[in-house]
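K.L.:
Sharing a structure below in structure tokens format, with a few things to ask.
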Amino acid sequence: MADKSELEDIATQLGYAVVVWGMLENTIRELFRDVVLTDDRDKRVQAIILSETPLRAQIGMIKKAAGLRQPGQGDWLKRLTDSLNLVAGRLHEERNRLVHDLWEQQENGEVMKIVRGKQEVAASKKADEWQLVIAEPQPALAGEIETFFHEAADQIDVLSKCWIEFGEWKLGQMKAQRARQL
């Protein structure tokens, strides 16, 4: 059997990156359900809201609601917010680059990454003259994809722990409320 080509290796790593990103999005959805959608336990309504709310909007609402739902929990809130900021910022941009850029194998076997989207072309005006800079193809680096994969997986871990801690805190609040009612 022939060795896998560099493009096949890159494609496999891209597949893993897409899978871990889906897992990260699912973790955020679970946080959204428990932190934001606490008043509506109807799973159908939750599904409608989640399907119509983009990831970055979900993240923004989680951050805002978390401060209201669990006031005074500074360390938890900081860990949650730092992780969500990383996901909504740099990791989201890197994910978009992985998914939307063109990965092309050259005749010499080298795989090049060709930037697509808003980073593809930059225009600037210098001394009353417009200049256009078009991004050049860059060698595809499997290590960059692997780094993204591990960073996204790390955020799944951080957010899962925050989700569990929130659930434990919420359970403690419910028990305290019941004790006060007795």
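At the far end of the sequence shown sits residue 164, using our numbering, and the numbering has no gaps. For every residue, glycine included, the Cβ atom is placed at its ideal position computed from N, Cα and C. It should be emphasised that the depicted structure is a prediction, and the values quoted were computed from it without experimental measurement.
1) Short of 6 Å in beta carbon distance, which residues of its chain neighbour V140, apart from the five on each side in sequence? Order them along the chain.
2) For G4, tell me which candidate among G125, T20 and A135 has the shortest Cα-Cα distance.
3) Where are the beta strand (DSSP E) runs, 3 residues long or more, that stay fully inside the region 70 to 101, in chain order?
4) Which first and last residues belong to the beta strand (DSSP E) in which E118 is found?
5) How is K(-14) classed by DSSP in three states: helix, strand or coil?
6) In the region -15 to 60, which residue ranges form an unbroken alpha helix (DSSP H) of at least 4 residues, counting only runs that do not cross its ends?
7) What separation, rounded to the nearest whole angstrom, lies between the Cα atoms of K157 and P119?
8) Starting from the Cα of F148, find the closest Cα among T129, E75, K45 and R98 and give me that residue.
9) Measure the C-alpha to C-alpha separation of S(-13) and L114 and round it to an integer number of angstroms.
10) Taking E92 as the reference, give the member of D110, A29 and L123 with the closest Cα.
11) DSSP three-state label for A109, please.
12) Hey, how far is the Cα of M(-17) from the Cα of L80?
P.N.:
This is what the structure gives:
1) For the purposes of this step, residue 140 is taken as residue 158 along the sequence shown, with counting starting at 1. Contacts found: S65.
2) On the sequence shown, position 22 is the one that residue 4 refers to. Among G125, T20 and A135, the Cα nearest to that of G4 is on A135.
3) 84 to 87 and 93 to 96
4) Start at 1 with the first residue of the sequence shown, and residue 118 comes out as number 136. That residue, E118, is in no beta strand (DSSP E); it is neither H nor E in DSSP.
5) Here residue -14 corresponds to residue number 4 of the sequence shown, with the count starting at 1. Looking at K(-14) - three-state DSSP - the assignment turns out to be coil, as it is neither helix nor strand.
6) -12 to 17, 25 to 34 and 37 to 51
7) One-based indexing of the sequence shown puts residue 157 at position 175. One-based indexing of the sequence shown puts residue 119 at position 137. Between K157 and P119, the C-alpha separation is close to 59 Å.
8) As a first step, residue 148 must be located in the sequence shown, where it is residue number 166. Considering only alpha carbons, the answer is K45.
9) What you label residue -13 is simply residue 5 of the sequence shown in a count that begins at 1. What you label residue 114 is simply residue 132 of the sequence shown in a count that begins at 1. Cα to Cα, the separation comes out at about 35 Å.
10) To locate residue 92, count along the sequence shown from 1; it is residue 110. Selected option, being the one with the closest Cα: L123.
11) To locate residue 109, count along the sequence shown from 1; it is residue 127. Looking at A109 - three-state DSSP - the assignment turns out to be coil, as it is neither helix nor strand.
12) As a first step, residue -17 must be located in the sequence shown, where it is residue number 1. As a first step, residue 80 must be located in the sequence shown, where it is residue number 98. Because the pLDDT of M(-17) is 43, which lies under 50, any placement of that residue in the model is unreliable, and the question is left without a value.
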